[in-house]
């Protein structure tokens with residue numbers, strides 16, 4: 001069951017892969033936040049979402065888009081290998097950005113090592129079908145969108161049109 005619009009978004013805090021930046025609900029306060037929960041099989045969803053949202057919200061301070069990957073199935077013994085893969089994904093995404101853009105502001109990859117953020121945001125099936133949660137500048141959930149083409153419903157939620165649940 002998805003988070004209901006109008007509810008307060010659950011707290012989370014984690015270190016972003018690649019940038020080493022601490023990202024939390026509190027650090028994103030004051031601007032909308034889109035959390036795209038996904039797995040390796042559907043990672044391209046967050047790329048499509050980022051492209052679509054950045055056309056409308058080009059400046060990092062207007063909107064944070066974060067990729068959240070549930071890694072609770074990865075044994076701790078392999079966390080180092082998984083971390084290297086996420087850092088590689090960060091570098092790849094950063095290389096696609098225009099010159100002069102700070103990658104840590106635009107490429108936000110959040111490893112969810114224990115699955116706690118994924119559970120709090122009710123996105124447990126995201127490895128197979130992406131789940132996007134839209135949060136406003138005051139940390140209130142605007143909507144949840146499931147599926148591999150969430151950009152338009154996310155934009156609708158951000159702009160106050162119906163689109164998320």
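Numbering (the numbering used here), first residue to last: 1 to 165. The C-beta atom is built at its ideal place from N, Cα and C for all residues, glycine as well.
Within 8 Å, strictly: CB atoms of residue i and residue j
i           : j           : result
residue 123 : residue 12  : no
residue 121 : residue 3   : yes
residue 71  : residue 10  : no
residue 5   : residue 145 : no
residue 41  : residue 127 : yes
residue 15  : residue 39  : no
residue 86  : residue 18  : yes
residue 54  : residue 155 : no
residue 130 : residue 45  : yes
residue 33  : residue 7   : no
Assumed close pair residue i, residue j - CB separation to whole angstroms, cut-off 8 Å
i           : j           : result
residue 66  : residue 108 : 4 Å
residue 35  : residue 116 : Not a contact, Cβ separation roughly 13 Å.
residue 49  : residue 150 : 6 Å
residue 147 : residue 157 : Incorrect: roughly 14 Å between the Cβ atoms, too far for contact.
DSSP-derived helix/strand/coil call for residue i
i           : result
residue 22  : strand
residue 87  : helix
residue 103 : helix
residue 76  : helix
residue 14  : strand
Bounding residues of the beta strand (DSSP E) (the contiguous stretch that carries residue i)
i           : result
residue 37  : 33-38
residue 142 : 141-146
residue 2   : Element bounds for residue 2: n/a, residue is neither H nor E.
residue 27  : Segment: none, residue 27 is in no beta strand (DSSP E) and carries neither H nor E.
residue 64  : 64-70
residue 111 : 108-112
Any non-hydrogen atom of the ligand GTP closer than 7 Å to residue i Cβ
i         : result
residue 4 : The ligand GTP is not part of this structure, which contains no ligands at all.
Run of the alpha helix (DSSP H) containing residue i, from where it starts to where it stops
i           : result
residue 155 : 151-158
residue 52  : 44-56
residue 118 : 116-120
Handout entry: contact_flag[the region 98-112, the region 58-70] where n(CB pairs < 8 Å) is 3 or more
Key = Touching, yes, given that three or more Cβ pairs across the two stretches are closer than 8 Å.
Exercise for the section: Take every Cβ of the region 19-35, pair it with every Cβ of the region 129-141, and state whether three or more of those distances are shorter than 8 Å. Expected result: With a cut-off of 8 Å, the region 129-141 and the region 19-35 count as touching, because enough Cβ pairs lie within range.
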